[in-house]
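As structure tokens, the structure follows; a few thoughts come after it.
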Amino acid sequence: MDLLASTRGNIVVEIKIGKNPIRIISGYGPLEGSPNVKSFYCKLDEEIEKSIIDGCEVIIQMDFNAKLGPEIIPGDPNEMSPNGQYLKELIEKHNLFLGNSSTKCIGKITRQRETVNGIEKSILDFFLTSPNLADHVKKIVIDDKREKVLTNFVTKKKSDHNV
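If you want the numbering used here, it's the 1-based position in the sequence shown plus 2.
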């Protein structure tokens, strides 16, 4: 396993399964309206392009802070956001498998928090792979029932993101 890059909280690691190299990209996308949204997606696009050139498959799992909307993910409670448009273009450009919208995915909501206006539910975290890996994905489970919530055991604070 090799650490290839780590910038602004995003990390790229290369593993091999047999002789097959796979780059795993994880991180945290910029908030909606952030001035660095375009540069984030350009950098992610470069990482995918480098992977393709190097003969690597990709797995991307991260909080994109993007909403793709119900036309892409049936049951999404939000309309597509500007960050979602960038993500959609990236998915289409590289023909990426979007696990969240597949029949292999159980559960939908990846973020749930209580606000002054009530409970806010969103799909912000996505699981993507290069097309050649899609058949190898058997099942994706999103804990939108919040049965196994990540918790900081020091502060007892529960995460607003679902595993």
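Note that CB positions come from ideal geometry on N, CA and C, so glycine has one too. Just so we're clear, the structure is a prediction, and the values are computed from it rather than from any experiment.
When the distance is taken between beta carbons, is I61 closer than 8 Å to I111? Within the sequence shown, the letter at position 109 stands for residue 111. Within the sequence shown, the letter at position 59 stands for residue 61. For the 8 Å CB-CB criterion, I111 and I61 do not form a contact.
Closest by CA to P23, which one among D47, K52 and C58? Sequence index remark: in the sequence shown, residue 23 carries index 21 (1-based). The shortest Cα separation from P23 among D47, K52 and C58 belongs to C58.
Specify, as a first and last residue, the run of the alpha helix (DSSP H) that P23 falls within. Indexing the sequence shown from 1 puts residue 23 at position 21. Per DSSP, P23 belongs to no alpha helix (DSSP H); it is in the beta strand (DSSP E), N22 to Y30.
Cα-Cα separation between K140 and K106, rounded to whole angstroms: Residue 140 sits at position 138 when you count from the first residue of the sequence shown. Residue 106 sits at position 104 when you count from the first residue of the sequence shown. Roughly 6 Å between the two C-alpha positions.
To test your reading of the DSSP string, which unbroken alpha helix (DSSP H) runs of 4 or more residues are found completely within the stretch 31-55? Qualifying alpha helix (DSSP H) stretches, in chain order: 39-55.
Close Cβ partners of R115 (< 7 Å) along its chain, the five nearest in sequence each way excluded: Residue 115 sits at position 113 when you count from the first residue of the sequence shown. So the qualifying residues of the chain are E122 and D162.
For N67, tell me which candidate among I55, M82 and D146 has the shortest Cα-Cα distance. Walking along the sequence shown from the start, residue 67 turns up at place 65. Residue M82 holds the alpha-carbon nearest to the alpha-carbon of N67 among I55, M82 and D146.
Evaluate V14 with the Cβ neighbour count: other Cβ atoms within 10 Å of its Cβ, from every protein chain shown; 16 or more gives buried, anything less gives exposed. Within the sequence shown, the letter at position 12 stands for residue 14. If you draw a 10 Å sphere on the C-beta of V14, you find 16 or more other C-beta atoms in it, and that means buried.
Starting from I62, trace the beta strand (DSSP E) both ways and give me its first and last residue. Working through the sequence shown from its first residue, we reach residue 62 at position 60. Segment E59 to D65, the beta strand (DSSP E) holding I62.
Quick one: what's N80 bridged to in DSSP? Taking the first residue of the sequence shown as position 1, residue 80 is located at position 78. Answer is none; N80 lacks a bridge partner.
Residues bridged to E116 (per DSSP): Here residue 116 refers to the residue found at position 114 of the sequence shown. Answer is I121, bridged to E116.
Return the first residue and the last residue of the beta strand (DSSP E) that T131 is part of. Indexing the sequence shown from 1 puts residue 131 at position 129. Start and end: D127 to T131.
Helix, strand or coil, according to DSSP, for T9 in the structure here? For this step, residue 9 is matched to residue 7 along the sequence shown. A caution first: T9 carries a pLDDT of 47, below 50, which makes its placement in the model unreliable, though a value can still be read off. In the three-state DSSP reduction, T9 falls in the strand class (E or B).
In the structure shown, what three-state DSSP assignment does I108 receive? The residue given as residue 108 occupies position 106 in the sequence shown. I108 sits in a strand when the DSSP states are folded into three classes.
Using a Cβ-Cβ cut-off of 6 Å (strictly less than) and excluding sequence neighbours within five positions of G77, which residues of its own chain qualify? Counting from 1 along the sequence shown, the entry for residue 77 is found at position 75. K110, listed in sequence order.
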